[in-house]
Amino acid sequence: MIYLASKSPRRAELLKKINVEFLLLEAEIEENLVLEGSPAFNAEKLAKEKCSQGIKNAIATNLENYPVLAADTIVVMGNKIYGKPKSSDHAFTMLSELSGQVHEVITGVSVGAWNSEKADIATISVSTFVEFGDISAIELKEYSETDEPLDKAGAYAIQGYAEKFIKGIKGSYSNVVGLPLFEALKLLKQFQL
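The numbering of the sequence shown is my numbering, which starts it at 2 and goes up by one.
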């Protein structure tokens, strides 16, 4: 059993697919997408903050001592980070920039546990490269006006309607969905799971 410190239904779905038992755990943090160092550093930093907050919340509410899993996914092209779009128009702009290009999806993953003295947190990041084909303005507009892009980094869901825009992928598919399963399980094993 673990705690998943995430509101992402996609991360929950991924864990269910591989039969990892989990309980959802609140872990609100202030997400700031201002680059401080590398994009991977930022993804790791946000994941670690979520994990740390999850541990604090578990301790404060006297929950069972299970490991906490947290993640944060960002999309990067060049020096620009593509977070979650603020509106349909913003999603359209983001997707227009990604159309016909290769971008990087980086997920920071943290797993933490605690005892009476301290908390231990292990953090990694995983990168996947995604190439979009050329997408027509009509397709972009239709997609950006759906609800699908609005709560996703980069304004798309590879496992949803946007899958038809993907020309190629190099790396972990589940990373693009929001949780690199192979690497997350490897981290969990460090905490005897």
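Using N, Cα and C, we set each Cβ at its ideal position, and we do this for glycine too.
Practice prompt. Have a look at GLY169 and GLY101 and give me their C-alpha separation to the nearest angstrom.
Written response: For this step, residue 169 is matched to residue 168 along the sequence shown. For this step, residue 101 is matched to residue 100 along the sequence shown. In a straight line, the C-alpha of GLY169 is about 11 Å away from that of GLY101.
Next item on the list: Just mark THR74 as buried or exposed, buried being the case when its beta carbon has 16 or more other beta carbons within 10 Å.
Entry: Start at 1 with the first residue of the sequence shown, and residue 74 comes out as number 73. Label assigned to THR74: buried.
- Query: Out of curiosity, what's the CA-to-CA distance linking SER126 and GLU184?
  - Reply: The sequence position of residue 126 within the sequence shown is 125, counting from 1. The sequence position of residue 184 within the sequence shown is 183, counting from 1. Taking the straight line joining both Cα atoms gives about 9 Å.
*Can you name, in chain order, every residue of its own chain whose Cβ lies under 8 Å from the Cβ of TYR157, other than the five neighbours on each side?*
The residue labelled residue 157 in the question sits at position 156 within the sequence shown. Excluding positions up to five away in sequence, the list reads LEU96, LEU99, TYR144, GLU149, PRO150, ALA163, PHE166.
With C-beta atoms as the reference, is THR129 less than 8 Å away from VAL106?
Taking the sequence shown and counting its residues from 1, the one referred to as residue 129 is at position 128. Taking the sequence shown and counting its residues from 1, the one referred to as residue 106 is at position 105. Result yes, Cβ atoms of THR129 and VAL106 sit closer than 8 Å.
Practice prompt. Indicate the three-state DSSP secondary structure (helix, strand or coil) for GLU45 in the structure shown.
Written response: Numbered from 1 along the sequence shown, position 44 holds the residue referred to as residue 45. In this structure, GLU45 counts as helix in the three-state DSSP scheme.
* Buried or exposed: where does SER7 fall if 16 or more other Cβ atoms within 10 Å of its Cβ makes it buried? -> Stepping through the sequence shown from its first residue, residue 7 is reached at position 6. Buried: at least 16 other Cβ atoms inside 10 Å.
* Is it right to say GLU50 is buried, meaning 16 or more other beta carbons lie within 10 angstroms of its own, or is it exposed? -> The count along the sequence shown starts at 1 and reaches residue 50 at position 49. It counts as buried.
Quick check on VAL177: does DSSP put it in helix, strand or coil? On the sequence shown, position 176 is the one that residue 177 refers to. If DSSP states are grouped into helix, strand and coil, VAL177 belongs with the helices.
Please check the pair GLY179 and THR108, which I expect to be a contact at CB under 8 Å, by giving their CB distance rounded to whole angstroms. Looking up residue 179 in the sequence shown gives position 178. Looking up residue 108 in the sequence shown gives position 107. Their Cβ separation, rounded to whole angstroms, is 7 Å, which keeps GLY179 and THR108 in contact under 8 Å.
Subject >> Cβ shell of GLY55 (< 7 Å), same chain only, five flanking positions each side left out >> reply: Translated into positions along the sequence shown, residue 55 becomes position 54. Cβ neighbours of GLY55 beyond the five flanking positions: TYR4, ALA6, LEU26, ALA28, VAL69, ALA71.
Which residues bound the alpha helix (DSSP H) around ILE139? Residue mapping note: residue 139 aligns to position 138 of the sequence shown, counting from 1. Run containing ILE139: 138–145, per the alpha helix (DSSP H) assignment.
Q.
So, for ASP121: in the same chain, excluding its five sequence neighbours on each side, which residues have a beta-carbon less than 7 Å away from its beta-carbon?
A. In the sequence shown, residue 121 corresponds to position 120, counting from 1. Cβ within range, chain order: GLY113, ALA114.
*Collapsed DSSP secondary structure at THR94 in the structure displayed*: As a working mapping, residue 94 is identified with position 93 in the sequence shown. Three-state result, THR94: helix.
* Roughly how many angstroms lie between the CA atoms of ALA138 and ASP90, to the nearest whole one? -> In the sequence shown, the residue the question calls residue 138 occupies position 137. In the sequence shown, the residue the question calls residue 90 occupies position 89. Cα to Cα, the separation comes out at about 12 Å.
Bounding residues of the beta strand (DSSP E) (the contiguous stretch that carries LYS168): Here residue 168 is taken as the residue at index 167 of the sequence shown, counted from 1. 167–171 is the extent of the beta strand (DSSP E) around LYS168.
Point to revise | Test item: CB-CB of GLY84 and ALA13 under 8 Å | key: Stepping through the sequence shown from its first residue, residue 84 is reached at position 83. Stepping through the sequence shown from its first residue, residue 13 is reached at position 12. Their beta carbons are not under 8 Å apart, which means GLY84 does not touch ALA13 by this criterion.
Q) What first and last residue would you give for the alpha helix (DSSP H) that runs through LYS17? A) Within the sequence shown, numbered from 1, the residue matching residue 17 stands at position 16. That run of the alpha helix (DSSP H) goes 10–18.
Problem set entry | Through-space distance from LYS119 to LEU24, alpha-carbon basis | Working through the sequence shown from its first residue, we reach residue 24 at position 23. Working through the sequence shown from its first residue, we reach residue 119 at position 118. So the alpha carbons of these two residues sit roughly 22 Å apart.
Cα-Cα, which of LEU15, TYR67, GLU140 is closest to CYS52?
Counting from 1 along the sequence shown, the entry for residue 52 is found at position 51. Comparing Cα positions, the closest option is TYR67.
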